[in-house]
Amino acid sequence: MKLIKLVLLSVLFMTFSCTDKKKADAKSETKTVVENVEKPTKEMTNGYQVGDIVKDFSLKNVDGKMVSMSNFSDAKGFIITFTCNTCPYSVAYEDRINELDKKYASKGYPVIAINPNNPDAKPGDSFEAMQTRAKEKGFTFPYILDDGQKVYPVFGASKTPHMYVLAKTPKGHQVKYIGAIDDNYKDAGAVSKRYVEDAVDALLAGKEVEVTTTKAIGCSIKV
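Shown next, in the form of structure tokens:
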């Protein structure tokens, strides 16, 4: 009888030991998997925020040449716009973007327009269509294609148009404003707040930008 009890106790002990070991191994394996998962970075989540330093890019312009911020050695900063041919909001702002470049390029803040849309998803935003549109509208600024859609996620752009005002600093090009061009896409004559102009004017005057972020109004980027 005692022998039977000892055998039963031994079996129970071995069973619990194996179960505990399996649990421990599973917990360890789960921990290893979690630790090996790439943690989200700012660029993977929200993109640039006001105050961040922007990495340069090199994208093809409608004239066939590659464009980078480093090409503009005399620039004090940039007005970066993510825009396209096909979004009604972008079309409504084309003339105003042209005017921004005409007003501020000579003062050191040129416009660079980046088309972030995937041409396969939106054929009207193909490189050839961009060339045609730039010629029709007489764009005075580079209009470049985010080929492979690698640049707009780094910026965190989500709409067309989506504006970024950058200022050249000793550390690099720093984000000073993100958002909309102004407060009325429908009617340029009824605009009461010119966010981009106010930001650039403040920087030119050596002042801090008062309104640093607004909600970009436009179409979603086509992927």
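Sequential numbering of the sequence shown, starting at 1, is according to the UniProt record's numbering. Don't be surprised by glycine CBs; every beta carbon is placed ideally from N, CA and C.
Using a Cβ distance threshold of 8 Å, Lys168 and Lys76 count as a contacting pair.
Taking 8 Å as the cut-off, the Cβ atoms of Val223 and Ala121 count as close.
Within its own chain, the residues whose Cβ lies closer than 6 Å to the Cβ of Pro142, once the five positions on either side in sequence are excluded, are Asn61, Val67, Ile112, listed in chain order. The beta carbons of Met69 and His173 sit closer together than 8 Å.
At least 8 Å separates the beta-carbon of Thr140 from that of Asn71. Put simply, the region 191–204 does not touch the region 50–61. Fewer than three CB pairs are less than 8 Å apart. Secondary structure at Ser192: coil, using DSSP grouped into helix, strand and coil. For Gln174, the enclosing beta strand (DSSP E) begins and ends at 172–179. Secondary structure of Ser106 (DSSP, three-state): helix. DSSP, read as helix, strand or coil, puts Tyr48 in coil. Membership of Thr81 in the beta strand (DSSP E) is indicated by the continuous run 77–82.
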